[in-house]
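Following our numbering, the numbering of the sequence shown begins with 11 at its first residue and continues without gaps. Glycine is no exception: its CB is placed at the ideal position from the N, C-alpha and C atoms.
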Amino acid sequence: MRLIPKDGQAHVEALGKKILQRLRLTALLLTQGEEGMTLFESAPRLRITHIPTTAAQVFDVTGAGDTVIAVLTAALACGAGFLDAAAIANHAAGVVIGKLGTATVTPEEIITHIQHAK
Numbered sequence: 011m012r013l014i015p016k017d018g019q020a021h022v023e024a025l026g027k028k029i030l031q032r033l034r035l036t037a038l039l040l041t042q043g044e045e046g047m048t049l050f051e052s053a054p055r056l057r058i059t060h061i062p063t064t065a066a067q068v069f070d071v072t073g074a075g076d077t078v079i080a081v082l083t084a085a086l087a088c089g090a091g092f093l094d095a096a097a098i099a100n101h102a103a104g105v106v107i108g109k110l111g112t113a114t115v116t117p118e119e120i121i122t123h124i125q126h127a128k
């Protein structure tokens, strides 16, 4: 779900908590465009983590959400925790929006992006 907060991060957190509890989810990731993304985890206790965007340049946001879903799912399938998977997905989206048109991202590009962000 992509969410652009009208009332700031507090609104995002309140909405995310409500969705997490109502749907009884283990985790929820809300993407927020240039504001980054916020991860909600329910166990063992509620943890909310805001992940700022890592994009250096924005050329085209086409496919950014699809990239987040794909990379998040792949990272989770490989055994990453929710926070690590979300961080990797955030970096992948940062690479994709730096390209024109619908784009793909390679593992090497993600690794390079992470290394340059440090």
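6 angstroms CB neighbourhood of residue i in its chain, flanking five on each side removed
{"i": "R57", "result": "E51"}
Closest residue to residue i among the options (Cα-Cα distance)
{"i": "P62", "options": "T116, I98, E118", "result": "I98"}
{"i": "L82", "options": "H21, G18, K27, A37", "result": "A37"}
{"i": "E118", "options": "I107, K128, A102, G111", "result": "A102"}
{"i": "L39", "options": "G89, A95, H21", "result": "A95"}
{"i": "G111", "options": "G104, V71, A24", "result": "V71"}
{"i": "I120", "options": "T77, A24, L30, G91", "result": "T77"}
Buried or exposed by the 16-neighbour rule on C-beta atoms within 10 Å, applied to residue i
{"i": "A85", "result": "buried"}
{"i": "H126", "result": "exposed"}
{"i": "V68", "result": "exposed"}
{"i": "G18", "result": "exposed"}
{"i": "A65", "result": "buried"}
{"i": "L30", "result": "buried"}
7 angstroms Cβ shell around residue i - same chain, five flanking residues per side excluded
{"i": "L93", "result": "L49, T59"}
{"i": "A113", "result": "G73, V106"}
{"i": "L35", "result": "S52"}
Where residue i sits in the DSSP three-state scheme
{"i": "L30", "result": "helix"}
{"i": "T114", "result": "coil"}
{"i": "L35", "result": "coil"}
Own chain residues within Cβ distance below 8 angstroms of residue i, not counting five before or after
{"i": "A90", "result": "I98"}
Beta strand (DSSP E) runs wholly inside the region 56 to 102, at least 3 long, in chain order: Counting only unbroken stretches of 3 or more residues, the beta strand (DSSP E) elements lying wholly within the region 56 to 102 are 57 to 61, in sequence order.
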